[in-house]
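Taken in order, these protein sequences are the chains called A, B and C. The opening residue of the first sequence carries number 1182 in our numbering; numbering runs sequentially from there. The opening residue of the second sequence carries number 4 in our numbering; numbering runs sequentially from there. The opening residue of the third sequence carries number 869 in our numbering; numbering runs sequentially from there. For glycine and all other residues, C-beta sits at the position ideal for the given N, C-alpha and C.
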Amino acid sequence: MYDVAIIGCGIIGAAAAHALSMYSVKTVVLEKENDIALGATRANSAIIHAGFDPEPGTLMARLNVRGCELAPKICAELDVPYKNVGSLVLAFSEEDDKTIRKLYERGVKNGVPGLEIISKARVLEMEKYVSPEVTGALYAPSAGIVNPWEYALALAEVAVTNGAEIRLGSEVKQISRSGDGYIITTASGTVSAKYVINASGVNSDTLHNMVATPAFTVKPTRGDYYLMDKAECFRAKHTLFQCPSNAGKGVLISPTVHGNLLIGPNAVSCADRERVNTTADGLDFVRNAAAKTIPDINYRNSIRNFAGMRANTDKDDFIIGFAAPHFLDLAGIKSPGLTAAPAIAEEALKLLAGDGLLLEANPAAVHTRRKLRFKELTDEEKIKAISENPLYGRVICRCETITEGEIVDAIRSPIPPVSVDGIKRRAGTGMGRCQGGFCGPRVLDILARETGLSPLDILKDKNGSYVLCGETKTGGAKG
Amino acid sequence: MRYELIVIGGGPAGLAAAISTHKNGLKRIAVIERDREAGGILNQCIHNGFGLHRFKEELSGPEYAGRFIDMLRDTEIELLTDTMVLSITPGKKVVCVSPAKGYNVYEADSIILAMGCRERTRGAIGIPGDRPSGVFTAGTAQRYLNLEGYMCGQRAVILGSGDIGLIMARRLTLEGAKVLACVEVMPYSGGLSRNIAQCLNDFGIPLYLSHTVTDVRAQNGRLCGVTVCAVDEKRHPIKGTEMDFECDTLLLSVGLIPENELTREAGIEIDPRTNGARVYENMETSLPGVFACGNVCHVHDLVDYVSDESERAGKAAAEYVKHGEASGAALEIKAGSGVTYTVPQHIRPGNVEKSADVFFRVNRIMQKSAIVLCSGGAELARFRREHMAPGEMEHIMLPAALLKNAQGEITVSTEEAQA
Amino acid sequence: MKELICIVCPRGCHLKVDEENGYAVTGNSCPRGEQYGRNEIKDPRRVLTSTVKINGAAYRRCPVRTSAAIKKGDLFNAMKELNGVTLTSPVKRGDVVISNILSSGADLIVTKDM
């Protein structure tokens, strides 16, 4: 019997597990995929929003501002790449000028620190590649950028180190009440728990409906992105938004913590909650919209396109509350969910404690996580690292300078990866301009060696995504 | 540790350059190779057709590399394998790491850059759709099949008609896979005609020119099909021409990009057209004593020309170490009409003994045409060509006497005979 | 009349070969093209390049090729012969793996020291 079962290990489930792991609470996290953070958490704008967008008085407003305040501290503790770059909402018309004024006032009400309306001249001084059509901007110095999947991984890894259990490949099929708690039937077996947290992203309505009458519907929205080579990163120093509309915050251009440039997303409602394909129309839209912000982006420097799914719902706010006794929804966590995650976790703990969950400090809890990033070491540290482990002297990913030692570290991390992309998310291999063309086969080889699996069983990503389909010279030749 | 020459990269360019420098009198030479053996990409190019110019034989890639590795072994040149160069400094210090020797900084009197190139990826060409497994660059698939012995799929479509893609069409077919189509966005193939004949036609694999892949579909995480469309003159897909192929593999052979991260970080000038360093007649970059050759400088069609070019770079590095910097004013070599780039980008006539080699590519297929060299409004020379194609490198030799007549710059352009 | 692309040089001439008329070749630009065109219709041949299994080497496959061109129609049969071969390191460039493969007169040889 677990005290708490968390359904879903995206950024929200991971943040909840992390928060709970600081207390002596027996927690299990149920994740349907073969790795954590494979939903909205791995494909989004990677922004820590300042908090001027949400309507004052909403959960979104309060938790966004709080999450933005928490992010730098948590990221420092957990060794997660974070940069306080600040954001600009650019105005291009009188209408826009009014909008940024309104956002400013909203932000002040929400308690966003340091907001400023700045002049065209100041914008162009801060961002010299922005279109000269710009008329001014709302500057939010507290905004930042983060590596979203490493954020989730770090939170979940610390939770595991502190005793939480993560069950991958455990899609929830059925939930039934049993005394004070629940019995949860999953693809990998049955789990009973006194409390359940529903953090299942685009499927949060389905899970809610297993124990309660329908109260909301997820309306997933897909968005396409361009990820640009580091050679393009000089074009933006801050996260650059256009004025928001009903469709969302619009197409942004932002530096990433890895030194790339991210451009997107568009917003397309879709029926299929799982399929995150990019489309020619979506990518065209993103390019055209981005040109308004920065006219001269060189798309020859694109290294990857991807699409992500936002768990938008038919409600305007996050849906945080008990769906049934001891069953807590953390549902409809759309943007700014990544930012709000640690604040949502705080909120969840408060609600669970109010509902009778005993929170006694976990005396063995660790709060920090450290990771060796070879390329960031000083010369002396590099010498020392290789002398202690020669594998740090073998560079496998040339584009990002990731060593075999870091790949082996990833394979031995608290939530071991089972796929080439799992290593990419942990070690950073294949993130660069060759996109794993050179290092992919070597990463696959190392993963097979370290896990004892056959290379034929190594996956690229989710279950079913095998890389190789057989051996040569086994009689396959046909006339 | 101090060397007279450090060569970065032990592929065909690095090997030929190091051997040539040694022949020209240098002794303290190191070749730094990131892989566990020398030979570079030739090790996985097991097909034949290498060495026709140099050895008058049709060798396979490993055989061609093997001959140079043997030559290197007969010298005192040091080969540092499993070693990655992290950076080079403008003061010609080379920072590298290896599991065996750890972190080291070597000093060099001269450096030859020979890091080769990498393949363009799906992201660079922006193919929409799902992002499943089963989409490989042709070179990655080649490594899996030829070195590791694994099949990357059973039913394949190949996008791009570059030579590696064509070669892989044949390799996959011989290993029992079905190659459904080769799709090329341009109206002509990017590969050699002989490869179209012996890799596609021999096996009845259709080539769709002026077509591209417009959608990629996944089933359970693996590629299950692609959509191919005809394109108009601006290379935009034409609605209504969609063809669906059921396949588990998409190979991309859509171009090569010189790998110049080290070059850029060292502050060496890059030519945006070649994506390689801007070089002088002796393959010297904007940083005196640092030379570039092979595919890191510009993408070649035949390895034989890589070897020739690298030998010139090697000889020049030896000259530099023995006699110091080459001097004299430089003439700019400009790419004119029909020409996409030239290598070298500038020539110091005072440093040319007999003649200077100029390589370039044309931007379309041309029959019965002429290469025209102009300077200061006057025509300097004219070379006739029966046939030129973007997939093939063109070469002309400019005699020292001709260079003396040039003023400031020389423009290389093409003139096509009217049909 | 058969049409084919000459593979002798990069120029890629479009040849026509008249097999009912003494294999007369047209469309060629050189004598080598004429010879290629005639052979290609009468007795087309290709060099086979492939790999065989190898134990104890850095990689699991060793590259091989035929020492001369073999009948084009024999390519797949030759591939089947290769399936049964497993080498053991060390091997040297030029080592014969299968002599006179499929009675073609050509040997299958190793192309890399492993």
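Check	Outcome
Extent of the continuous beta strand (DSSP E) run through Asn1447 (chain A)	Note, Asn1447 (chain A): premise wrong, no beta strand (DSSP E); not H, not E.
CB contact check: Pro93 (chain B) to chain C, cutoff 7 angstroms	no
Nearest-angstrom Cβ-Cβ length linking Asn1379 (chain A) and Ile1188 (chain A), presumed shorter than 8 angstroms	5 angstroms
Same chain only: Cβ atoms within 8 angstroms of Ile273 (chain B), ignoring 5 sequence neighbours per side	Asn263, Thr266, Arg267, Gly279, Ala280, Arg281
Which of helix, strand or coil DSSP assigns to Val1209 (chain A)	strand
Other residues of its chain near Gly193 (chain B): CB distance less than 6 angstroms, five sequence neighbours each side excluded	Ser164, Gly165, Gly394
Chain-ordered chain A contacts of Val229 (chain B) [CB-CB under 8 angstroms]	Residues of chain A passing the Cβ test: none, with the nearest at roughly 12 angstroms.
Chain A within 7 angstroms of Glu189 (chain B), Cβ atoms only	What sits at residue 189 (chain B) in the sequence shown is Met, not Glu. Chain A contact via Cβ: absent.
Proximity below 7 angstroms, CB of Glu122 (chain B) to CB of Leu259 (chain B)	yes
Sub-7 angstroms separation of His1419 (chain A) and Ser1268 (chain A) beta-carbons	yes
For Phe206 (chain B), the three-state DSSP class (helix, strand or coil)	helix
Between the CA atoms of Cys202 (chain B) and Val10 (chain B) - distance to the nearest angstrom	35 angstroms
Limits of the unbroken beta strand (DSSP E) element including Arg1614 (chain A)	Unbroken run through Arg1614 (chain A): none, as it is neither H nor E.
Residue-level contact to chain C via CB, Gln201 (chain B), 7 angstroms cutoff	yes
Tyr6 (chain B) versus Met74 (chain B): straight-line alpha-carbon distance, rounded	20 angstroms
Limits of the beta strand (DSSP E) - the one that Val361 (chain B) falls within	358-365
Option in C:Lys948, C:Thr894, C:Lys960 with minimal Cα separation from Ala925 (chain C)	C:Lys960
Any C-beta of chain B under 7 angstroms from that of Ser1483 (chain A)	yes
Within-7 angstroms CB hit, Met391 (chain B) to chain A	no
Interface residues of chain A facing Thr919 (chain C) [CB-CB closer than 8 angstroms]	Thr1653, Lys1654
Cβ-based burial, Ile241 (chain B) [other Cβ within 10 Å; buried from 16]	exposed
Cα-Cα separation between Ile336 (chain B) and Arg1614 (chain A), rounded to whole angstroms	30 angstroms
For Val964 (chain C), the nearest candidate out of C:Tyr904, C:Arg933, C:Lys948, C:Leu970 (CA to CA)	C:Arg933
Neighbouring residues, chain A, relative to Met154 (chain B) (Cβ below 8 angstroms)	Leu1649, Cys1650, Gly1651, Glu1652, Thr1653, Gly1657
Residues that Ile1567 (chain A) contacts on chain B, provided the C-beta gap is smaller than 8 angstroms	Val100, Pro102, Gly105, Tyr106
3-residue-minimum beta strand (DSSP E) runs that sit fully inside the stretch 1432-1503 of chain A, ordered along the chain	1433-1436, 1442-1445, 1483-1491
7 angstroms Cβ cutoff, Gly1660 (chain A) in contact with chain B	Residue confidence is low: Gly1660 (chain A) scores 36 on pLDDT, short of 50, so the model does not pin down where it sits. Its coordinate-derived value is still stated next. It does not: the Cβ of Gly1660 (chain A) has no partner Cβ on chain B nearer than 7 angstroms.
Presumed contact (8 angstroms Cβ cut-off) between Ala200 (chain B) and Met171 (chain B), rounded CB distance	Not really, about 16 angstroms apart at Cβ, beyond 8 angstroms.
Simplified DSSP state of Cys874 (chain C), which is helix, strand or coil	coil
First through last residue of the alpha helix (DSSP H) which encompasses His1389 (chain A)	1385-1392
Proximity winner among C:Met947, C:Thr979, C:Arg929, C:Asn889, relative to Arg70 (chain B) (alpha-carbon distances)	C:Thr979
Contact with chain A by Glu122 (chain B), beta-carbon distance below 7 angstroms	yes
Three-state secondary structure assigned by DSSP to Arg281 (chain B)	coil
First and last residue of the uninterrupted beta strand (DSSP E) at Val1270 (chain A)	1268-1272
Bridge-paired residues (DSSP) for Leu255 (chain B)	B:Thr140, B:Leu162
Span separating the alpha-carbon of Val1599 (chain A) from that of Asn1215 (chain A)	7 angstroms
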